[in-house]
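Chains as they are written, first to last, in the numbering used here: chain A, 273 to 572; chain B, 200 to 635. Cβ coordinates follow ideal geometry from the N, Cα and C atoms, glycine included. These numbers were taken from a predicted model, which means no experiment stands behind them. Worksheet: the structure to be examined is printed underneath.
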């Protein structure tokens, strides 16, 4: 049984469709990426998965079963905006939220201490949330989402507002969660995180699914159109090679746009004839490029 | 059920730990301590005030002052005959001329042998000369009042004895007439009725209960609404709703707040009780003819019943109101109607303490949002047929059921609505979408 299956889900608000016919499934131990520009319908989809709002059509199944109050304890949620009591001590509210999801107080307390230790902030146990910096509040928010050992975790823009060190810390924690078998639904606009963490993604644009599937396979569908060339000396006449669409001079050498991979070989031959090559690479498209391409295409 | 108690516990713990709550409770408890002891304190001052005021006058045989002097003498005799007279007249010798007399009396005031003195003028129609009471203080009404009463009695005695009445007849005339008022039950047989002192105690009890109920509703209602709004604006609500059913959450909060308010009220009651039973206050109460054991047990039961149901009804509605608002700033405006309704109920009953059988009171004692205040008043001060109480309570319970149903729906809907305050149409539409 797959932990989370979303099938043909539709959400209609008064005069507009917020989510149009989205389907995806998340396996055990998988991070599933939900991408899209602002207002594309990511948060609405997540809220439907959480049961905060009901879909107008389609089904969502958790371990094969429909939504019910018993499912609540299996879900963990990190909202995009801060969702903690500002004036309540960290320990009090994490224990409260964990207990609400059916954990014993003692168990929750031990787990919380372990998590604080993991984030290297055990001294926050007795602090009020409002006394913490934004990045540290995000850590607490994360603990609130996972402390009760949910099997499905929903992370909405989990890394926003964090410094690079903390992003790395949180990223490695998310990977640990994945490796321990948790299914994670993950939304962001930061493509490099998605490339690093997710196996499968769905790109939403204006309520519609525009791209969906395994990242590696998606990338294969897009032609390799970029060559990185680093040389010791100057290379002349690159523009004249057949299939080259453009040449940009960079600090390290050249970035060349090509129509097909055959042009790559020509570039390499031409460059080798002129000078010593330190680096040559036909780049596969980044997710960022794919995203801009698919989403940008539809702007017209 | 488990998570319900978790919510209750969290609410109670957070509120009880709050500094604002502790300080408010303490301040009110202190005010109550002082309030209860006021009768005793007044009594202490009264004892001090029982000091006899010395009033001077000129005793003279001269033709000009004879009438005044005679009046002074008869006043002196009158007050000496009284058992605990508050005034004693002190005669002074005539110095021969007005200025010297004045000086002499003023000197006596300075020496504190007298507080003031009587200055007599020309004879008037009343049978006494015109009099002026002169003292250093303004507004000596108690002294002039006592003097007036004394003079009236003196005049009446003189006139009556001149008319040739016997002492027997005089005594008969002077005996005061008493009418005692007893409130009885016209429907129940063998009911003994309530004596004035019982009525007084009941009235005091009702008064205290109504004030407690009002306070409990106002403070806890606002707190519940504020807490819901705060959870909403801090988005904790999104996490809460994904952790526990909204209905449990709402009632956990209401029940938690109820425990908080109840323990607060219990503390106040204990403070009051301890103070009232202190030895010195016990005496004072008896002196004032207040006997707390005269409160009827049935009245206490009704009071508790109306207190709980009234609290629950208002708290539920406040929670619903709090869930509609997204920012704490808008809360005051949104809770205004609720506040006005509870104020109305409170004032109807407080202002009707002297007319508990008016039509307004009768009608409002059946209207659910007012009945906790008003029916209590009727129960305490008049004789209400049981079926009327039963109908009032039944209506109240129906109102609670409806309020719970609607509030739960509004709550489930409202907590996820952000942005501007939603219109009624939007709320109604969204409410249909959610099962409780």
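To the nearest angstrom, how far is it from the Cα of residue 279 of chain A to the Cα of residue 314 of chain A? Taking the first chain and counting its residues from 1, the one referred to as residue 279 of chain A is at position 7. Taking the first chain and counting its residues from 1, the one referred to as residue 314 of chain A is at position 42. If you take the alpha carbons of residue 279 of chain A and residue 314 of chain A, they lie about 15 Å apart.
Per-residue DSSP class, three states only, for residue 352 of chain A: To locate residue 352 of chain A, count along the first chain from 1; it is residue 80. Residue 352 of chain A: coil per DSSP, three-state reduction.
Residue 360 of chain A CB to nearest chain B CB: under 8 Å? Counted from its first residue, the first chain places residue 360 of chain A at position 88. Yes, its Cβ sits closer than 8 Å to a Cβ of chain B.
Please report how far the alpha carbon of residue 302 of chain A lies from the alpha carbon of residue 430 of chain A, in whole angstroms. Residue numbering aside, residue 302 of chain A sits at position 30 when the first chain is read from its first letter. Residue numbering aside, residue 430 of chain A sits at position 158 when the first chain is read from its first letter. Taking the straight line from one Cα to the other gives about 16 Å.
Determine the DSSP secondary structure at residue 587 of chain B, reduced to helix, strand or coil. Translated into the one-based positions of the second chain, residue 587 of chain B becomes position 388. Residue 587 of chain B falls in the helix class under three-state DSSP.
Within chain A, the residues that residue 525 of chain B reaches when beta carbons sit closer than 7 Å: Numbered from 1 along the second chain, position 326 holds the residue referred to as residue 525 of chain B. None at all; the shortest Cβ gap to chain A is about 12 Å.
When burial is assigned at 16 or more other CB atoms within 10 Å of the CB, is residue 450 of chain A buried or exposed? Taking the first chain and counting its residues from 1, the one referred to as residue 450 of chain A is at position 178. Burial call: buried.
Can you tell which of B:429, B:309, B:550, B:552 has the C-alpha that lies nearest to the C-alpha of residue 523 of chain B? Position 324 of the second chain, counting from 1, holds the residue named residue 523 of chain B. Nearest C-alpha to residue 523 of chain B: B:429.
Can at least three beta-carbon pairs, one atom from the region 566-585 of chain B and one from the region 404-419 of chain B, be found at a separation below 8 Å? yes
6 Å Cβ shell around residue 563 of chain B - same chain, five flanking residues per side excluded: Reading the second chain from its first residue, position 364 is the one you call residue 563 of chain B. Closer than 6 Å at the Cβ level, and outside the excluded window around residue 563 of chain B, lie 547, 569, 573.
On the CB-based measure, 16 or more other CB atoms within 10 Å of its CB, does residue 225 of chain B come out buried or exposed? Your numbering for residue 225 of chain B matches position 26 in the second chain. Label assigned to residue 225 of chain B: exposed.
Extent of the continuous beta strand (DSSP E) run through residue 456 of chain A: The sequence position of residue 456 of chain A within the first chain is 184, counting from 1. Counting along the chain, the beta strand (DSSP E) containing residue 456 of chain A begins and ends at 455-460.
Could you say which of B:446, B:252, B:369, B:262 lies nearest to residue 317 of chain B if we only look at CA atoms? On the second chain, position 118 is the one that residue 317 of chain B refers to. Among B:446, B:252, B:369, B:262, the Cα nearest to that of residue 317 of chain B belongs to B:252.
In angstroms with no decimal places, state the Cα-to-Cα distance between residue 354 of chain B and residue 476 of chain B. Walking along the second chain from the start, residue 354 of chain B turns up at place 155. Walking along the second chain from the start, residue 476 of chain B turns up at place 277. Near 47 Å, if we compare the C-alpha coordinates of residue 476 of chain B and residue 354 of chain B.
Residue burial classification, residue 465 of chain A (beta-carbon count within 10 angstroms, cutoff 16): As a first step, residue 465 of chain A is located in the first chain; it is residue number 193 there, counting from the start. Per the 10 Å Cβ criterion, buried.
Mark residue 518 of chain A as exposed unless 16 or more other C-beta atoms lie within 10 angstroms of its C-beta, in which case mark it buried. On the first chain, residue 518 of chain A is found 246 positions in, with the first residue counted as 1. Exposed: under 16 other Cβ atoms inside 10 Å.
Status (buried if at least 16 other CB within 10 Å, exposed otherwise) for residue 448 of chain B: On the second chain, position 249 is the one that residue 448 of chain B refers to. Buried: at least 16 other Cβ atoms inside 10 Å.
Could you tell me which residues DSSP pairs with residue 296 of chain A in its beta bridges? Numbered from 1 along the first chain, position 24 holds the residue referred to as residue 296 of chain A. According to DSSP, which records beta bridges pairwise, residue 296 of chain A is partnered with A:278.
Any C-beta of chain A under 8 Å from that of residue 390 of chain B: What you label residue 390 of chain B is simply residue 191 of the second chain in a count that begins at 1. Here residue 390 of chain B scores only 49 on pLDDT, less than 50, and its place in the model should not be relied on; the value that follows carries that caveat. Closer than 8 Å: no.
So, does the CB of residue 435 of chain B fall closer than 8 Å to a CB anywhere in chain A? The residue labelled residue 435 of chain B in the question sits at position 236 within the second chain. For residue 435 of chain B, the answer is yes, since a Cβ of chain A falls inside 8 Å of its Cβ.
Give me the Cβ distance between residue 417 of chain A and residue 349 of chain A, rounded to the nearest whole Å; I'm assuming they're in contact under 8 Å. Start at 1 with the first residue of the first chain, and residue 417 of chain A comes out as number 145. Start at 1 with the first residue of the first chain, and residue 349 of chain A comes out as number 77. Residue 417 of chain A to residue 349 of chain A, Cβ: 6 Å. Contact.
Thinking residue 320 of chain A and residue 281 of chain A are a contact (beta carbons under 8 Å), I'd like their distance in whole angstroms, please. Position 48 of the first chain, counted from the first residue, corresponds to residue 320 of chain A. Position 9 of the first chain, counted from the first residue, corresponds to residue 281 of chain A. The pair is a contact, with the Cβ atoms about 6 Å apart (cut-off 8 Å).
Pairwise C-alpha distance: residue 528 of chain A and residue 516 of chain A: Reading the first chain from its first residue, position 244 is the one you call residue 516 of chain A. Reading the first chain from its first residue, position 256 is the one you call residue 528 of chain A. Looking at the two C-alpha atoms, the distance is approximately 7 Å.
With 16 as the cutoff for other CB atoms within 10 Å, does residue 209 of chain B come out buried or exposed? In the second chain, counting from the first residue as 1, residue 209 of chain B sits at position 10. Burial call: buried.
Contacts of residue 353 of chain A in chain B (Cβ-Cβ under 8 Å): Taking the first residue of the first chain as 1, we reach residue 353 of chain A at position 81. Within chain B, the residues near residue 353 of chain A are 434.
Using only alpha-carbon positions, find the residue among B:323, B:319, B:335, B:412 that is nearest to residue 310 of chain B. Locating residue 310 of chain B in the second chain gives position 111, where the first residue counts as 1. Out of B:323, B:319, B:335, B:412, B:335 has the C-alpha closest to the C-alpha of residue 310 of chain B.
Taking residue 256 of chain B and residue 349 of chain B to be in contact with their CB atoms under 8 Å, please state how far apart those CB atoms are, rounded to whole angstroms. Taking the second chain and counting its residues from 1, one reaches residue 256 of chain B at position 57. Taking the second chain and counting its residues from 1, one reaches residue 349 of chain B at position 150. Going by Cβ atoms, the distance from residue 256 of chain B to residue 349 of chain B rounds to 13 Å, so no, they are not a contact pair.
Close-in-space but distant-in-sequence residues of the same chain around residue 357 of chain A (CB under 6 Å, 5 per side omitted): If you number the first chain from 1, residue 357 of chain A lands on position 85. Here the set comprises 365.
Does any CB atom of chain B fall closer than 8 Å to the CB of residue 457 of chain A? Residue numbering aside, residue 457 of chain A sits at position 185 when the first chain is read from its first letter. No, no contact with chain B.
Between the Cα of residue 276 of chain A and the Cα atoms of A:379, A:483, A:309, A:317, which residue gives the shortest distance? The residue given as residue 276 of chain A occupies position 4 in the first chain. The shortest C-alpha separation from residue 276 of chain A is found at A:317.
Which ranges does the beta strand (DSSP E) cover as unbroken runs of at least 3 residues, wholly within the region 286-371 of chain B, from first to last along the chain? 286-292, 315-322, 328-334
Report the three-state DSSP secondary structure of residue 315 of chain A (helix, strand or coil). Here residue 315 of chain A refers to the residue found at position 43 when the first chain is read from its first residue. DSSP places residue 315 of chain A in helix when its eight states are reduced to three.
Can you name the start and end residues of the alpha helix (DSSP H) that residue 474 of chain B belongs to? Taking the first residue of the second chain as 1, we reach residue 474 of chain B at position 275. It spans 445-476 - the alpha helix (DSSP H) in which residue 474 of chain B sits, taken as one unbroken run.
Let me confirm a value: residue 505 of chain B is counted as buried when at least 16 other C-beta atoms fall within 10 Å, else exposed. Which label applies? Taking the first residue of the second chain as position 1, residue 505 of chain B is located at position 306. It counts as buried.
So within the region 414-483 of chain A, which uninterrupted beta strand (DSSP E) runs reach at least 3 residues, ignoring any that extend past its ends? 424-428, 455-460, 472-477
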